[in-house]
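Q: For the sequence shown, UniProt numbering assigns the number 1 to the initial residue and increments by one for each residue that follows. Attaching a single structure in structure tokens format; questions to follow.
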Amino acid sequence: MAIIIHAVQKLLNTSRLKAGQYISAGDEGQLLHSWYAKLISTGFTGKSLVMYVHEPSLLSVVCRGKTIGGTWDEFNKRLPAVLSKVGFNEDLIQFEVSHAINYIVAKTSSRSMISYMNQMTLVLEWHDYPSFEAISLDEMEDQLIDYLYSTKNKKDGYTKPGEYWREFFDGRQG
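Rendered as structure tokens:
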């Protein structure tokens, strides 16, 4: 019962972690098995954020801190609220959170996911906050839920993380 976090090299170095190249499937019924993680600069000396991005939906959780270990508890606290915003019911939220108790760190293996994260970083770093404490993580996550990303997998060529999950749940019911 663990998720895989594909961390960019800078985050691996900051976290003082070694990573292998893991490829595995989640537990049966688990939707949120694979996450990518990246450090985000805040413009405040010594203060950073870690952005976790689900593959393939691009759903994002943003946490204060510089390391995976230092942000892990906050990730687990923020995840249920983000899942609720995109249509997960309470039972499914509890199921996914129960599978996010532990993590395995891996190297990044998808250039397209790194590209998406770089695009997200530009969106988030554009904000101007008066202090590190004034940074609204909820606002950042909300903005990323409704951000339009190009994709080769959709017939219209674009998707939003919120739409991804609404379509997913509509398909399960229909």
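Where a beta carbon is used, it is the ideal one built from N, C-alpha and C, also for glycine.
Which first and last residues belong to the beta strand (DSSP E) in which Asn-102 is found?
A: It spans 102-107 - the beta strand (DSSP E) in which Asn-102 sits, taken as one unbroken run.
Q: Can you check whether the CB of Leu-148 is closer than 7 Å to the CB of Lys-160?
A: Their beta carbons are under 7 Å apart, which means Lys-160 touches Leu-148 by this criterion.
Q: Tell me which residues share the same chain as Asp-146 and place their Cβ nearer than 7 Å to its Cβ, disregarding the 5 neighbours each side in the sequence.
A: Cβ within range, chain order: Lys-160 and Gly-162.
Q: Helix or strand or just coil, what does DSSP make of Gly-174?
A: Per-residue confidence for Gly-174 stands at a pLDDT of 44, beneath the threshold of 50, marking its modelled position as unreliable; the derived number appears in the next sentence. In the structure shown, Gly-174 sits in coil (DSSP, three-state: anything other than H, G, I, E or B).
Q: Going by DSSP in three states, Ser-150 sits in which element: helix, strand or coil?
A: The answer is strand: DSSP assigns Ser-150 an E or B state.
Q: Name the two residues that bound the continuous beta strand (DSSP E) containing Val-62.
A: Counting along the chain, the beta strand (DSSP E) containing Val-62 begins and ends at 60-64.
Q: Could you compute how far the alpha carbon of Glu-18 sits from the alpha carbon of Gln-9?
A: Per the sequence shown, residue 18 should be read as Lys rather than Glu. For Lys-18 and Gln-9, the distance between alpha carbons rounds to 10 Å.
Q: Taking DSSP's pairing of strands, which residues face Ala-134 in a bridge?
A: Bridge partners of Ala-134: none, in fact.
Q: Could you tell me which of Gly-157, Glu-139 and Asn-118 sits nearest to Asp-128, measuring between CA atoms?
A: Checking every option, the nearest Cα to that of Asp-128 belongs to Glu-139.
Q: Where Ala-100 and Asn-13 are concerned, what is the direct C-alpha to C-alpha distance, given to the nearest angstrom?
A: Using only the alpha carbons, I get a separation of about 22 Å.
Q: Taking the alpha carbon of Leu-32 as the reference point, which residue from Glu-141, Pro-130, Phe-88 and Gly-157 has its own alpha carbon closest?
A: Ranking Glu-141, Pro-130, Phe-88 and Gly-157 by Cα distance to Leu-32 puts Phe-88 first.
Q: In angstroms, rounded to a whole number, what distance separates the CA positions of Gly-46 and Gly-70?
A: Their Cα atoms are separated by approximately 14 Å.
Q: Check this for me: beta carbons of Val-62 and Glu-167, under 7 Å apart or not?
A: Contact: no.
Q: Going along the chain, which residues of its own chain have a beta-carbon closer than 7 Å to the beta-carbon of Glu-125, five neighbours each way excluded?
A: Within the same chain, Glu-125 has close Cβ partners Ile-40 and Ser-41.
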